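Here's the structure we're looking at; comments come further down.
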Amino acid sequence: MPTPTSPDSVQIGGNGPQGPKGPPAWTSLEERPQFVTGWSSRLLMGVCGPIAVALSKTGNALDQMGQKLGWWQSLGTIKKPLPPSLLTDLPESKIQRPVVLVPGWQTPEDRFDHLAEKLTSDGKNGGRVYYVRDGEFYADLDCTQRMMLEDTRSDGKVFVAVFPSVNTPPNLSAPELAKDLKAISALTGNPKADVVGYSMGGLATRTYLDQGGDRVGKFMMLGTPNRGSALARTSLGLLDLQAKGWDTQWLLSRKPITEDDRNALGWLRPVTGGPANPQLADLNSRWESQKARTEAVRLVGSHSRPTLGRYFIPVLGDGTVPGNSLQIGEENPHFLKNRNHRNHGLLFSNPQTYLEMRDFFGWDK
């Protein structure tokens, strides 16, 4: 039983003994995140809303026509099959201490496969991936095959955090991550684990740190929108239009996005250039204290693909997160120069991402 002053007693989601002063990072100033909150966003919605509805209806009509003619199975869907791995011929890695991969919003279930195979094939680094949900270990990502203590290995090195749903926002995934890191520490005997926070998973890890978490060693954020993403705000706009009876279903179905995603999208809105994002702005205000709870931080992402920016003006990024949104504090991002897999959904498969991890976490030593 942890004592009131032990690290295990930190209350993720409240002001525990090691937590920051003031409100938790996810204190919400609104019950239901929306696109429209002020006159400027109302004007923007009034101008762009009808355009979005027209695009959705046109896209749906073209999609149905193309399917009937056999041109495609589905037009414009965002999720694509995982391409062949480009990591096979890269140098091998010897992991020094556990590494935890933290997924983001709607992360496809196969996105970590190339990296996991590279790190654990032929018995290396514990020989398998452990999936961790609610502080318990599983042999599969769906968490249907629970592993008993005798099935686990204390030399396990590669772990994937699994949250209750693919759209669990950081305020709810942070306490889940706390349980997972505690369980990994108990299994491996290592008090800390290195963490790769992918996309919104980086915000979940930061929220864990913000609330007093102390089990993170080195911390890499991969494609994390520390300043938010205009795509999230636009998605909220499409949900708002749908809630008012406008037909935006085809556009929403490309991801797909539903009302269940609203709270996560609220977290991912930009901190400037539109409705306020109180959760992310508050979290960012304490970045230095979050950073101080780690041994080192590295930001990695893409700055090469057209990405939706402020006022729908394209900027450079990874197709989902603008490159300038990666930055936090004085940390400058390491932008991927390898031309392969620089879009958001394939960042884990980029050869340079693997080499960045190898260098940063000391896997090359």
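Start counting the sequence shown at 553; every next residue gets the next number (my numbering).
Ideal placement from N, C-alpha and C gives every residue a C-beta, glycine not left out.
Here the structure is a predicted model, which means the values were calculated and not measured.
Taking only the alpha-carbon atoms, compute the straight-line gap between residue i and residue j and give it to the nearest angstrom.
i	j	result
Leu-790	Gly-741	47 Å
Asp-813	Thr-872	16 Å
Thr-776	Glu-840	17 Å
Phe-913	Asp-870	23 Å
Phe-900	Gly-611	30 Å
Ile-603	Pro-866	17 Å
Thr-800	Gln-586	15 Å
Arg-821	Asn-829	6 Å
Arg-680	Cys-695	15 Å
Gln-616	Ser-805	14 Å
Leu-783	Leu-701	43 Å
At which residues does the beta strand (DSSP E) containing residue i begin and terminate?
i	result
Thr-859	857-860
Phe-771	768-774
Gly-853	848-853
Where do the N-terminal and C-terminal ends of the alpha helix (DSSP H) with residue i fall, by residue?
i	result
Ala-745	No alpha helix (DSSP H) holds Ala-745; the beta strand (DSSP E) holding it covers 745-750.
Pro-866	Note, Pro-866: premise wrong, no alpha helix (DSSP H); beta strand (DSSP E) at 866-869.
Arg-910	903-912
Leu-793	782-795
Leu-653	Segment 651-654 is the beta strand (DSSP E) holding Leu-653; no alpha helix (DSSP H) there.
Arg-814	814-820
Leu-803	801-804
Hey, residue i and residue j are a contact pair by Cβ (cut 8 Å); roughly how many whole angstroms apart?
i	j	result
Ser-608	Leu-803	4 Å
Tyr-760	Ala-726	4 Å
Lys-770	Asp-746	5 Å
Ala-833	Val-849	With 8 Å as the limit, Ala-833 and Val-849 do not qualify as a contact, their Cβ atoms being about 20 Å apart.
Ala-816	Trp-657	5 Å
By the three-class DSSP mapping on this structure, what secondary structure does residue i have?
i	result
Gly-628	coil
Leu-761	helix
Ala-606	helix
Pro-494	Residue 494 lies beyond the range of the chain shown here (553 to 917); nothing can be said about it.
His-896	helix
Glu-688	strand
Glu-661	coil
Glu-840	helix
Ile-736	helix
Glu-883	strand
Counting only beta-carbon atoms, is residue i nearer than 8 Å to chain B?
i	result
Gly-754	Of the protein chains in the structure, only one exists, and it is not chain B.
So if DSSP puts residue i in a beta bridge, which residue, or which two residues, is it bridged to?
i	result
Val-681	Val-710
Pro-874	Gly-869
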